[in-house]
Amino acid sequence: MTAEFVRASRLYDVETRTPIAHPTYQATESDVRRALENGGGSA
């Protein structure tokens with residue numbers, strides 16, 4: 001994976017003051033499915 005430039009507005013929710021993971025590091029649907037099948041742990 002390579003990091004790409006992402007606007008700050010995509011990395012931080014101003015209203016809730018919540019940081020958002022960089023798109024490069026967000027889990028895919030298959031990552032989430034695999035984690036849930038493994039009891040919530042990471043693979």
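For the sequence shown, the working numbering assigns the number 1 to the initial residue and increments by one for each residue that follows.
Ideal placement from N, C-alpha and C gives every residue a C-beta, glycine not left out.
- Separation of Arg33 and Gly39 (C-alpha to C-alpha, rounded to the nearest whole angstrom) is 10 Å.
- DSSP, reduced to helix, strand and coil, places Thr24 within a helical segment of the structure shown.
- For Leu36, the uninterrupted alpha helix (DSSP H) run begins and ends at Glu29 to Glu37, by DSSP.
- In this structure, the straight-line span from the alpha carbon of Glu15 to that of Glu37 is close to 34 Å.
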